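Here the structure is laid out as structure tokens; the discussion comes afterwards.
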Amino acid sequence: MEKRACLSCKLLLVLLSGFSSIFVIVNSQVTPSEDVAVMLALKKSLNVPDSLGWSDPDPCNWNHVGCSDEKRITRIQIGRQNLQGTLPSNLQNLTQLERLELQWNNISGPLPSLNGLSSLRVIMLTGNQFTSIPSDFFSGLSSLQAVEIDNNPFSSWVIPESIKNASALQNFSANSANISGSIPDFFGPDVFPGLTILHLAFNEVEGGLPASFSGSQIQSLWLNGQMSEAKLTGTIDVIQNMTSLKEVWLHSNEFTGPLPDFSGLKDLQVLSIRDNSFTGPVPLSLMNLESLNVLNLTNNFFQGPMPVFKISVSVDMTKDSNSFCLPSPGECDSSVNTLLLIVKSMGYPQRFAQSWKGNDPCADWIGITCTQGNITVVNFQKMGLTGTISPEFVSLKSLQRLVLDGNNLTGSIPQVLSALPALKEIDVSNNLLSGKIPVFKSNVMVNTDGNPDIGKEVNSSTSPGSPSAAPSTNTGSGTVVALEMVARNLLL
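Have a look at this one:
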């Protein structure tokens, strides 16, 4: 019995010894040499001080460094450590890296490629001195959710198509990053359904807002202060379809045209559009927006009555920095309202918004001539106008001459213009008009020359100038006398 007991004891000791060996082997797993090599190169290139706690031979034991259970480097979080130097070129060998946070240091030199780091979710490089960003920097970053590369003196670069692979992207912030070109048309719900932050302020971006913005989930949009000569231009109509917006910074650009309908932007809190070239009246939909807290409209060409906002809204609208009809809230003169309705169909051209100041159209308003306080001549000749001819001209009961020649107006001549009681002359020559010519009184001189499709009904499937556009006979009794009108214009 004693021999059996001793034998059992020896067997137990052997088994325990085996388990102990296995335990030691499992827990002595080391960080793969590839990851160690990268981290040692990073330590050397940044001249990391001892105070950071990177003296252990195993990088997984370093401060601000995280590893997986398999001892792979997953996190480097050394923001705000007063580090200087450059980044090693082999950084992309950290194939399990998930977070790279180097923000607010003084790291310089070119950014190395991160091509193929499919686990990388967060890149934070803001506030350094990086000089360039490689064209393949975003290639293969299929898990990327957040990019913050603001305030770096990169050489000029464009946002590459390769970032489209990061379909989970939620935050792309690159203010003051020397981005050039236009805003890519893939920043929208089709490519980035979860994108909520897009910050591209203080770059060299130009062109218009892409149509792909429509329907996006973007909540914070910063596009202000573009440094390029052309800046951002065009209308901001697409904004009305970005119903998740909370803050919009578009100031210090060259946006034009009227503001869109804001009624669908139920969460909009901050809107800064100062220092642009917006025209037209401030829409009621903006004035009535319940969510709005901060608004800046200074230095534009807004027209019509000065808007009134709820007392809870902080409004920056410096006096005389727009083209409102009055220096304080109040109704505009009826003739001002009529003229604004007329130019609405032309997109509220900036040329008029710059000239039409005050509440009296007879006080040297461009294109307007008055007799005894009544508008008798509207002369918009060769002003580069687009859009259509407004039927609101019929409200100018004293109008004698309507001159719109030499523009790019489309559509038809409104039939109601034939009812103008004092009209003696209408010149719409050299435009892109179509449709039937209204029947004017016999004493009205009418010039429609130079409109290829005048007298034709042009539908949506027939382009202007097409030979298939069906002609319609002009039965008007108005006199079309081009030579007589030319002679008359020379005398005026």
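In terms of full-length UniProt numbering, the sequence shown is residues 1 to 492. We put the beta carbon where it would ideally sit given N, CA and C, even for glycine. Here the structure is a predicted model, which is why all the values come from computation and not from measurement.
Using a 10 Å radius around the Cβ and a threshold of 16 neighbouring Cβ atoms, would you call residue i buried or exposed?
| i | result |
| --- | --- |
| Pro349 | buried |
| Leu284 | exposed |
| Gln372 | exposed |
| Lys266 | exposed |
| Ser314 | exposed |
| Asp50 | exposed |
| Lys310 | exposed |
| Thr74 | buried |
| Gly53 | exposed |
| Pro57 | exposed |
| Gln103 | buried |
| Val336 | buried |
| Lys456 | buried |
Is residue i helix, strand or coil by DSSP?
| i | result |
| --- | --- |
| Leu52 | helix |
| Pro160 | coil |
| Pro329 | coil |
| Asp453 | strand |
| Asn447 | strand |
| Asn296 | strand |
| Val416 | helix |
| Glu80 | The sequence as given places Arg at residue 80; Glu does not occur at that position. DSSP places Arg80 in coil when its eight states are reduced to three. |
| Thr235 | coil |
| Leu125 | coil |
Going by Cα to Cα distance, which pick from the options is closest to residue i?
| i | options | result |
| --- | --- | --- |
| Pro189 | Trp62, Asn241 and Thr86 | Asn241 |
| Thr298 | Phe309, Ser334, Asn276 and Met287 | Asn276 |
| Ile78 | Gln92, Met124, Cys67 and Thr95 | Met124 |
| Leu209 | Trp54, Asn253, Gln415 and Ser176 | Asn253 |
| Ser167 | Ile159, Pro160 and Pro193 | Pro193 |
| Lys357 | Gly406, Gly280 and Ala230 | Gly280 |
| Arg401 | Gln103, Gly127, Asp427 and Ser335 | Asp427 |
| Phe154 | Gly127, Gly140, Ser142 and Ser162 | Gly127 |
| Ser434 | Thr256, Asn165, Asn451 and Pro110 | Asn451 |
| Asn171 | Gln145, Asp185, Glu392 and Thr256 | Gln145 |
| Val282 | Asn379, Leu268, Phe262 and Val270 | Phe262 |
| Lys231 | Leu341, Leu245 and Phe202 | Phe202 |
| Asn430 | Lys424, Lys441, Phe380 and Asn359 | Phe380 |
| Asn115 | Arg72, Met287 and Pro160 | Pro160 |
| Leu340 | Asp320, Thr318, Ser321 and Trp365 | Trp365 |
| Ser272 | Thr369, Asp185, Met39 and Ile236 | Ile236 |
Are residue i and residue j closer than 9 angstroms when you measure CB to CB?
| i | j | result |
| --- | --- | --- |
| Gly64 | Gln84 | One point to set straight first is that residue 64 is His, not Gly, in the sequence displayed. Taking 9 angstroms as the Cβ cut-off, His64 and Gln84 do not qualify as a contacting pair. |
| Ser113 | Pro88 | no |
| Glu204 | Ser173 | no |
| Leu250 | Leu223 | yes |
| Val247 | Ser214 | The residue asked about is misnamed: residue 247 is Glu in this sequence, not Val. No, these two residues do not count as a Cβ contact at 9 angstroms. |
| Ala422 | Ser398 | yes |
| Ser162 | Ser143 | no |
| Lys130 | Leu100 | Here the sequence assigns Phe to residue 130, which means Lys is not the residue at that position. Cβ atoms of Phe130 and Leu100: not closer than 9 angstroms. |
| Phe187 | Ser216 | yes |
| Ser139 | Asn165 | yes |
| Pro391 | Pro414 | yes |
| Ala353 | Gln303 | yes |
| Ile239 | Gly207 | no |
Touching or not, the stretch 320-328 and the stretch 380-387, by the rule of three or more beta carbon pairs under 8 angstroms? no
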